[in-house]
Amino acid sequence: MYIVYIMSFDQLTTNYINTPESSVSYWDVCDLIDWNEGSDPGRWEIYANYSNGNIIGKDYYTSDPDNSGTFDPSAHFLTRNEPVVQTTENADQWDKSTGQFTINESGIYDISWRFGFGNTTTNQIKLEILNDSDTVVSTYIINDCVNQNKDMIVGSKNIYLEQNYKFQFKIFFTSNTVARFKFNVRATSYSGFTVVRYR
Amino acid sequence: MASFDIINANRINTQKSLWNIEDIYRLPNSDNLQNYSDSSRNDIGLTVNTYIGSSYLFGSNYTGPGGVEKNDQFTANNGKFTANLSGTYIVTYNFKLNIIGFLYFVAKDSTGNRLSASHKLAYYNSPHAESLIEDKPISDNTIHVSGSTTLYLEKGGTFGFECMDDHSEITIGERYTGSNDKISYSGITVLRL
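First to last, the sequence lines map onto chains A and B.
Following the numbering used here, the residues of the first sequence are numbered contiguously, the last one being 199.
Following the numbering used here, the residues of the second sequence are numbered contiguously, the last one being 193.
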């Protein structure tokens, strides 16, 4: 009887430890919360146009600026969801004015991205890591090929990042001058990225 | 006895390990130029039925508590990663290949038996497809493949990315002369939760 009790107790304890409710900090930076159908209920799509060297989420223009009443043209991406460490982490770590996500806690992060194309473009997208002096210390080429209209590129990377480091996505072109990323189609997010910190 | 088990389990389960297995780690800091052993310098051909990385494409960097875990769990001469601790592993990958034929994620247990977590990564235009299309040869023949997979590995288990077509080439990163900037085209990360 004694041996059975120990085994059962260990199993329950291990399960409890392995499934904590707050084992990660989580950000979803995407186009979804930007959408307000407003006075134009017939429209399904909005695009953000990017030129060579632009930072995704910051440097872009919309193809439909006259209808800005139905969406926020200043924010291709906004942050939603934030079960983070409230004392040090928050939704503002994504800054739409810089297109950069700042690390507040050193640790292991997972960055997963998805970008939906609205035209055919030969492009290269880089994930750039900047240190606390805003110097690029690492660059990961996450896309380098021809994409066609309606293509989706998705991927992810686990990475260790120090406090005050930043990351950003930049796009470059070899033969085209513009890439169109879909904003979203009503309640469906097309483009954005998710950040998870493993606590 | 019970208290000791709780503390021990908590310590183990909160220690995460991360391996960055990338082309940038092959170059020493003093090397400002590409210095690869292949004749074409940039693109290294993949040999059929071998693992990506078996041509010394990648080096490895480890972040974590250490102990039995370290850099060289990824073996650069056979392209295989070996688990030194049993646990849940998240593997992310990004490869730039000229054309993808067949590429498999292959996981095995410590005795070499293939695990059910093995799967085909991607299939794109076959290297031979151009000759099959009479009027429209394929010209846009490069693609980035990226993604992630999660699996449980017992101690001694392995995984790697097996090439099934010897016509494929993989693109590796360049380092710009005079810059500290590191650029990775292709690589793998391994996270043990």
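Built from N, CA and C at the ideal position, the CB exists for glycine as well.
Helix, strand or coil at residue i according to DSSP, with G and I counted as helix
| i | result |
| --- | --- |
| D95(A) | strand |
| Q124(A) | strand |
| I24(B) | helix |
| D134(A) | coil |
| N71(B) | helix |
| L191(B) | strand |
| I183(B) | strand |
| L32(A) | helix |
| E169(B) | strand |
| G157(B) | coil |
| A117(B) | coil |
| K16(B) | coil |
| Q163(A) | coil |
| R80(A) | strand |
| S126(B) | Residue confidence for S126(B) is low, a pLDDT of 47 falling below 50, so the modelled location carries little weight and cannot support an answer. |
| N77(B) | coil |
| T139(A) | strand |
| A75(A) | coil |
| L103(B) | strand |
| L85(B) | coil |
| S23(A) | coil |
| I153(A) | strand |
| D109(B) | coil |
| F9(A) | Residue placement at F9(A) cannot be trusted, given a pLDDT of 42 that sits under 50; what the coordinates show is reported in the next sentence. Reduced to three states, the DSSP call for F9(A) is helix. |
Cross-chain neighbours of residue i in chain A, by beta carbon under 9 Å
| i | result |
| --- | --- |
| Y185(B) | Y140, I141 and D144 |
| K80(B) | Those do not exist, as K80(B) stays about 19 Å from chain A at its closest Cβ, beyond 9 Å. |
Test item: CB-CB of residue i and residue j under 8 Å
| i | j | result |
| --- | --- | --- |
| K96(A) | K58(A) | yes |
| T158(B) | K70(B) | no |
| S17(B) | F95(B) | no |
| S74(A) | I111(A) | no |
| T63(B) | Y160(A) | yes |
| S191(A) | F115(A) | yes |
| G201(A) | I56(A) | This structure does not reach residue 201(A), given that chain A is present from 1 up to 199, and the question cannot be answered. |
| G213(B) | L193(B) | Nothing can be reported for residue 213(B): it is not among the residues displayed for chain B, which extend from 1 to 193. |
| I90(B) | S148(B) | yes |
| D23(B) | L57(B) | yes |
| L127(A) | F169(A) | yes |
| I129(A) | F173(A) | no |
| S60(B) | Y93(B) | no |
| Y169(B) | L97(B) | What sits at residue 169(B) in the sequence shown is Glu, not Tyr. Yes, the Cβ-Cβ distance between E169(B) and L97(B) is below 8 Å. |
| S106(A) | Q163(A) | yes |
| D72(A) | T194(A) | no |
| F161(B) | F102(B) | no |
| I153(A) | N54(A) | no |
Contact set between residue i and chain A, taken where Cβ atoms lie within less than 7 Å
| i | result |
| --- | --- |
| S60(B) | Per Cβ cutoff of 7 Å: no residues; S60(B) is ~13 Å from chain A at best. |
| K70(B) | In chain order: nothing, as chain A lies at least about 15 Å away. |
Residues that residue i contacts on chain B, provided the C-beta gap is smaller than 7 Å
| i | result |
| --- | --- |
| G192(A) | Simply none; closest approach about 16 Å. |
Partner residues on chain B for residue i, Cβ-Cβ distance less than 8 Å
| i | result |
| --- | --- |
| I159(A) | L18, N20 and T189 |
| S106(A) | What S106(A) touches in chain B: nothing, since even the nearest Cβ is about 10 Å away. |
Contacts of residue i in chain A (Cβ-Cβ under 8 Å)
| i | result |
| --- | --- |
| S54(B) | Those do not exist, as S54(B) stays about 22 Å from chain A at its closest Cβ, beyond 8 Å. |
| L193(B) | Y198 |
| K155(B) | Result: empty, since nearest Cβ-Cβ is about 17 Å, beyond 8 Å. |
| K182(B) | V137, S138 and T139 |
| T63(B) | I108 and Y160 |
Minimum Cβ-Cβ distance from residue i to chain E less than 8 Å
| i | result |
| --- | --- |
| K120(B) | Structure shown: chain E not included; protein chains present are A and B. |
Residues that residue i contacts on chain B, provided the C-beta gap is smaller than 9 Å
| i | result |
| --- | --- |
| G155(A) | T92, Y93, N94, H144, V145, S146, G147 and S148 |
Would you be able to state if there are at least three C-beta pairs under 8 Å between the segment 169 to 184 of chain A and the segment 113 to 120 of chain A?
yes
Cβ contact (3+ pairs, closer than 8 Å) linking the segment 78 to 89 of chain A and the segment 127 to 144 of chain A:
no
Inter-stretch contact (C-beta, 8 Å, three-pair minimum) for the segment 101 to 116 of chain B and the segment 59 to 73 of chain B:
no
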